[in-house]
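Scroll down for the structure; my scribbles are underneath it.
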Ligand SMILES: [Zn+2]
Ligand SMILES: [Zn+2]
């Protein structure tokens, strides 16, 4: 098993010790775990979030380098980061990430039109179609960011806290935009992330099966598995179920990233 998207106490929303994460991954028999704490440089442009502390990148990466070395003969530790995309923050990410030697960058959209689409207020002023379309446009824009990244984090994140009676993000309602996103992921050789933190949706994981089917139809092969665990309890959560679903769809591999190179892992 692998997990390419997890958080520890260098993220503002986790208290977990990274060493506990690695020990747990070993006890689960995993071959790879990337720790990808939140780097939310976009929030520096949004004064309403100035209470959220920024990650200490030096401390984060140094601790991961040390642990990667310490555990090298027992498990592969991916030194990672999750960037919260916003156009204005492009330069900050480009600059900061060029200073570190890393394995895995997850690029995610949490902020849409200068609002956090995890908050109720985002949905209250938009119809479902507007809210989801604006989110997907931000995802499309994120693929053209200036910094390098490996996987596209949790497509469908907007659904997690959505307030509509029928929350589902249907491929058919946004097919042109979703096709554009998927074709761009394929042409840029990025990975589409399967994210099993689907709490709040009626899915087992993000994105939905119809989006995964379409990805395969369009020639998509690169996939990562991310539990998005914020503590030891959810590491590799639903790995077996996801693997089975992927096999049914005709996929053969998930990918782990070492020095930003994808390595296939048979599923
Ligand atoms: Zn995220
Ligand atoms: Zn995350």
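Numbering (the working numbering), first residue to last: 42 to 308. For every residue, glycine included, the Cβ atom is placed at its ideal position computed from N, Cα and C.
Cutting at 8 Å between CB atoms, please list the residues of its own chain near residue 204, excluding the five before and the five after it.
161, 164, 165
Opposite residue 297 in the DSSP bridges: which residues?
304
Determine whether the beta carbon atoms of residue 222 and residue 167 lie at a separation below 8 Å.
Not a contact, by the Cβ cut-off of 8 Å.
With residue 199 as the anchor, note down where its alpha helix (DSSP H) starts and where it stops.
No alpha helix (DSSP H) holds residue 199; DSSP gives it neither H nor E.
Short CB-CB distance (under 8 Å) between residue 86 and chain D
Annotation note: the requested chain D is absent from the structure, which comprises a single protein chain.
Exposed or buried, which one is residue 229 when buried takes at least 16 other CB atoms within 10 Å?
Burial state of residue 229 is exposed, judged by a 10 Å Cβ sphere holding fewer than 16 other Cβ atoms.
Let me know the beta strand (DSSP E) ranges lying completely inside the stretch 71 to 132, each 3 residues or longer, listed in chain order.
73 to 80, 117 to 125
So who's on the other strand from residue 232, going by DSSP bridges?
192
Reducing DSSP to helix, strand and coil, say where residue 225 ends up.
helix
Judging by CA-CA distance, which residue of 55, 92, 113, 51 is the nearest neighbour of residue 71?
113
Which residues does DSSP pair with residue 260 in a beta bridge?
BP columns for residue 260 are empty, so no partner.
Any residues whose CB sits closer than 6 Å to a heavy atom of ligand 2? List them in chain order?
46, 48, 123, 269
Answer with buried or exposed for residue 129, where buried requires no fewer than 16 other C-beta atoms within 10 angstroms of its C-beta.
exposed
8 Å Cβ shell around residue 22 - same chain, five flanking residues per side excluded
The structure shown does not extend to residue 22, since the chain is modelled only from 42 to 308, so the question has no answer here.
Taking the beta carbon of residue 336 as the centre, do at least 16 other beta carbons fall within 10 Å, making it buried, or is it exposed?
The structure shown has nothing for residue 336, since the chain only spans 42 to 308.
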